[in-house]
Amino acid sequence: MKPTNSLLARYLRFVESRNWVAAEAFPVFSRSLRAVLWTLLAVFAITYTLAGPIARGQALGAILLGTLWWTFWCCVWAVGFVALCTLIFRLARPATPGKLTGKYLGAVGSYLPPDQPEDILAELAADIRSEMEDREAELGRPLTAEEVETILKRHGHPMLVAGRYLPRQHLIGPAIFPFYWFTLKTALWIAALVYVVIAVSVPFIVSLVQIAGQAAPHDVSVAGAWSFLLIGAVVLLAVFGAVTAVFAVLELVPGLSLASRWSVENLSAVPRPPRGKPRWEWTVSLIATGLFAACWLVMPDFPWNLGPAGRYLTPGAAWPTVRIAMLLLLLATMLEAAIHLARPRWTRACTAIHVALRVAGLALLGFLFHASDSLVVVNLARVPASEAHRLPQIIGQCTYYGLLMAMLIAGMTALVECLPYLRRRLSPPRVAARLIAL
Amino acid sequence: MNAELFENLRLELRRGCLILAVLAELRTERYGYVLRKGLADRGMAIDENTLYPLLRRLETQGLLVSEWREEEKRNKRFYRLSPEGEVILSQLLEEWTGINSSLNRILEGESLPQSSHAGTGEKS
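So the protein lines, in turn, are chains A and B. To convert, note that position 264 of the first sequence is 273 in our numbering; the numbers rise steadily by one, no gaps. To convert, note that position 107 of the second sequence is 458 in our numbering; the numbers rise steadily by one, no gaps.
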């Protein structure tokens with residue numbers, strides 16, 4: 010009989026192969042297990058069918074809860090019955106050497122593809138028997154069940170033994186693996202970028218549209234962040250699956266050779282190793298940051314007092330803290346530029362201060378995002394009555410999504426900038442440049 | 352780490368040699384278990400999960416022929432080298448001799464004679 014692969018059939022084969030149930034009792038066990046499971050299923054189905062008319066008029070939640078409750082109890086009864094039967098039958102009778110070999114071969118056979126010839130099992134059986142005979146000749150007595158089990162265990166897990174006869178031993182072979190790996194990395198980066206842009210920009214646009222008609226305050230919640238991460242993980246998983254599936258299909262195409270379709274002329278040039286900014290850029294950076302810091306220090310309402318919206322806006326409760334933090338950040342930026350100009354050879358100090366600045370910038374953005382509701386206050390007395398209900402919402406949404414976008418951009422920039430510092434010595438462009446220099 | 356690395360490299364080194372050893376051993380007809388024991392006795396141990404799939408592959412490639420026969424009241428599958436397998440084996444042995452002597456020269460630090468074993472190093 011051709012072995013089936015349902016969950017129950019697999020469980021029964023497993024119980025049989027491990028000799029948990031004596032061979033004589035196994036048909037009874039198998040029939041009992043099937044009968045109990047079918048009975049539970051029937052009880053569940055009848056109850057569920059009757060539950061509709063009976064529960065008519067009840068809330069949907071109560072009906073669903075009842076259904077779940079029944080499902081849970083069915084599972085508990087089934088698992089309990091299986092565990093009890095297994096325990097009882099396991100103690101019934103010990104295994105014999107012949108049965109062990111038969112079970113092992115049966116287990117190997119269940120993992121072989123259906124189109125494989127029967128002689129794989131016959132040959133394996135002949136090998137095992139020969140080994141057992143040799144061992145019996147050495148010992149001068151028949152083998153015990155434990156000794157037979159040792160021989161069979163040495164042959165390996167049935168799934169692994171059967172797996173060696175499968176026509177394919179890999180999903181993506183070494184010939185196309187480098188192409189697969191490059192494509193996968195590129196696709197994952199692009200998918201992550203596109204997802205972040207869409208996930209941030211679409212709700213922003215929708216919220217602006219909603220504000221024009223009806224109020225829809227933005228939602229800063231932990232659940233929102235989790236769903237953002239969860240959907241992102243699903244998107245990346247889908248991209249991973251799609252790329253892997255495409256390359257697995259390419260692996261099946263006979264004669265397809267990606268490695269032969271290239272020319273030296275079309276190769277991209279070796280990128281130059283990353284070099285620091287020139288001195289003039291650091292000078293400009295120092296002067297510009299100094300001017301900005303001066304404005305920041307002199308004008309308490311900066312930058313809310315700029316532009317036509319300045320007459321409606323005043324800094325909120327969280328602004329004094331932000332002003333001090335921002336001022337410190339600007340001074341640190343000036344310090345970095347000054348070190349680069351005065352002591353360009355202090356590479357470790359420059360790297361450390363650069364990384365620290367990126368982290369501090371991200372922390373400040375995080376604080377701004379957290380306190381986005383108390384950054385600015387709209388002076389409603391000066392706002393025209395027709396705009397009074399919409400303006401705070403528009404400002405709130407713009408602040409929220411603007412800061413969210415800034416955080417994501419700053420995070421990615423920090424990642425892109427800081428990673429080379431950590432692995433600069435082994436970066437491929439540097440190795441390639443060194444090879445060219447040789 | 353070093354032990355694992357050595358084991359991987361050792362298996363890689365043995366992989367090609369195993370095919371040669373199996374083909375050479377099957378110049379005389381043998382069934383699987385005796386073949387496995389014979390190889391192990393000569394220091395080329397191979398586990399059955401590698402040997403039997405290899406035998407089937409070599410048979411599919413036409414290098415071996417097999418038949419089921421009864422011996423000592425048991426049915427056993429006997430393998431031997433096919434005529435095509437004999438040709439391939441002699442070519443492989445020639446290649447092996449070439450590789451072996453090249454490697455010996457490399458290990459002993461001698462220089463290569465001109466146009467000697469021109470093809471041995473091309474596709475190793």
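All residues carry an ideal CB built from backbone N, CA and C; glycine is no exception.
Partner residues on chain A for residue i, Cβ-Cβ distance less than 9 Å
i: B/P434; result: Within 9 Å Cβ-Cβ: nothing; B/P434 doesn't reach chain A, min ~23 Å.
Where the alpha helix (DSSP H) containing residue i begins and where it ends
i: A/P176; result: That residue, A/P176, is in no alpha helix (DSSP H); it is neither H nor E in DSSP.
i: B/R408; result: E399 to T411
i: A/Y321; result: Careful: A/Y321 lies outside any alpha helix (DSSP H) and carries neither H nor E.
i: A/S294; result: R288 to V307
i: B/N359; result: N353 to E376
i: A/F378; result: T356 to H379
i: B/V385; result: G383 to D392
i: A/L139; result: The identity of residue 139 of chain A in the sequence shown is Ser, whereas the question assumes Leu. Taken as a continuous stretch (DSSP letters only), the alpha helix (DSSP H) holding A/S139 covers D128 to L148.
i: A/I333; result: W328 to A351
i: A/R163; result: A154 to H164
Sub-8 Å separation of residue i and residue j beta-carbons
i: A/F90; j: A/V45; result: yes
i: A/C94; j: A/L49; result: no
i: B/L386; j: B/E376; result: yes
i: A/G299; j: A/M343; result: yes
i: A/W291; j: A/A346; result: yes
i: A/Y113; j: A/P167; result: yes
i: A/L339; j: A/F378; result: no
i: A/E257; j: A/I181; result: Per the sequence shown, the amino acid found at residue 257 of chain A is Ala instead of Glu. A contact, by the Cβ cut-off of 8 Å.
i: B/P404; j: A/Y174; result: yes
i: B/L374; j: B/L432; result: yes
i: B/G436; j: B/L414; result: yes
i: B/R428; j: A/D143; result: no
i: A/A171; j: A/L109; result: no
i: A/G185; j: A/I160; result: The sequence given here has Ile at residue 185 of chain A, not Gly. Going by C-beta atoms, A/I185 is not nearer than 8 Å to A/I160.
i: A/A135; j: B/Y430; result: no
i: A/L16; j: A/S39; result: no
Interface residues of chain B facing residue i [CB-CB closer than 8 Å]
i: A/R138; result: R425
i: A/D128; result: W419 and R428
Residue range of the unbroken beta strand (DSSP E) whose run includes residue i
i: B/K427; result: R425 to L432
i: B/R420; result: L415 to E422
i: A/V386; result: V385 to V387
Any chain A beta carbon closer than 8 Å to residue i
i: B/K474; result: With a pLDDT of only 39 at B/K474, under 50, the local geometry of the prediction cannot be trusted, and no value is derived from it.
i: B/G460; result: no
i: B/G383; result: yes
Within chain A, the residues that residue i reaches when beta carbons sit closer than 8 Å
i: B/N400; result: H164, G165, L169, V170 and R173
CB contact below 8 Å: residue i versus chain B
i: A/L133; result: yes
Cut-off 8 Å between Cβ atoms - residues of its own chain near residue i, not counting five sequence neighbours on either side
i: A/I348; result: W355, A358, C359 and I362
i: A/T408; result: S381, L384 and V385
i: A/M335; result: W305 and L373
i: A/F311; result: C304 and W305
Residues near residue i by beta carbon distance below 7 Å, same chain, minus five either side
i: A/V205; result: L417
i: A/L245; result: L197, A200 and A201
i: A/F237; result: A208
i: A/I404; result: V385 and V387
Contacts around residue i, its chain only, beta-carbon distance under 6 Å, and the 5 residues preceding and following it disregarded
i: B/L440; result: L374
i: A/A341; result: L366
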